[in-house]
Ligand code: ADP
Ligand code: MG
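Residue numbers (the UniProt record's numbering): 1 to 247.
Put into structure tokens, the structure is as follows:
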């Protein structure tokens, strides 16, 4: 089997007496969508933040492409290719779709903002930015100001900006929250294509989307993973039925 892109062993984090994550181990393999589901307060967002480096774990180890990440901060992990989206949005409303994606790519390369005008004529930056926009499903919307985008299109712009960072993996915390059925389905189709660019660790409450898209699902309850398996295995798991899916 291919080496996992992301390998997590024994991650734990307590807030006072509360064990938000408790000895969590899971991995994310090339090409896959691995969903993390569980009730509110189970520790899903805490786990994502431990992986992205926003929260320091009390114990455990995270490896990206085999490399230990202890001591690497959130900015460093982003530079190593951890694309985290949908909670802190860095979209600049007054700029166009194309400008936002170029800015994201340029930020990743460490260049500074004052070179913005020449950058917008630099085909070496513009062509890859247009590719990212097309892959995110925003073709034809390059020159629209971000402020004029519909909610679902803004999510797509965030994906285009994440793609501009040449991600090794995506960490997505409830990307479908606040979207209607149509929008959620369209975003699901988009994620289905993106997995081939970089695998996706997906926290999502939309169970139709989770069971349709995922290669594997892990179920987190009170900070502990109670099951990991294919959608079929998870659906048939009596413990998962009892504590989460059964209602
Ligand atoms: P989920 O995303 O699965 O809904 P969270 O990871 O947000 O769950 O929260 C897990 C538990 O940890 C919850 O009981 C929540 O109240 C608690 N928690 C999360 N962040 C903090 C924090 N910064 N300080 C104290 N408790 C927190
Ligand atoms: Mg959460």
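Where is the CB? At the ideal position from N, CA and C, for every residue including glycine.
Relative to residue 229, the option among 32, 2, 172 whose CA is nearest is 32. The closest CA to that of residue 131, considering only 235, 94, 151, 101, is found on 101. Boundaries for residue 123: no beta strand (DSSP E) harbours it, while the alpha helix (DSSP H) harbouring it runs 123-135, taken from the DSSP string. When the five nearest sequence neighbours on each side are left out, the beta carbons in the same chain lying within less than 6 angstroms of the beta carbon of residue 239 are those of 226, in order along the chain. For residue 183, the uninterrupted alpha helix (DSSP H) segment begins and ends at 181-194. For residue 220, the enclosing beta strand (DSSP E) has its first and last residue at 216-221. Around the CB of residue 193, fewer than 16 other CB atoms lie within 10 Å, so the residue is classed as exposed. Per the Cβ contact rule, the stretch 72-84 is in contact with the stretch 48-61 (3 or more Cβ pairs under 8 angstroms). Within the chosen limit of 7 angstroms, ligand 2 does not reach the beta carbon of residue 218 with any heavy atom.
Of 63, 221, 231, 165, the smallest CA-CA separation from residue 22 is found for 221. One alpha carbon belongs to residue 166, the other to residue 16, and they sit about 37 angstroms apart. Between the beta-carbon of residue 202 and that of residue 34 there is about 7 angstroms, and that keeps the pair under the 8 angstroms contact cut. When DSSP reads this structure, residue 13 sits in a beta bridge with 21. Ligand 2 never approaches residue 90 closely enough for any of its heavy atoms to be under 7 angstroms from the residue's Cβ. Assignment of beta-bridge partners to residue 26 by DSSP yields 8.
Non-local beta-carbon contacts of residue 77 in its own chain, meaning distances under 7 angstroms to residues more than five positions away in sequence, involve 52, 53, 69 in chain order. If the five residues before and after residue 3 are omitted, its C-beta is found closer than 7 angstroms to the C-beta atoms of 66, all from its own chain and listed in chain order. Residue 24 is positioned such that its CB atom lies closer than 8 angstroms to that of residue 47.
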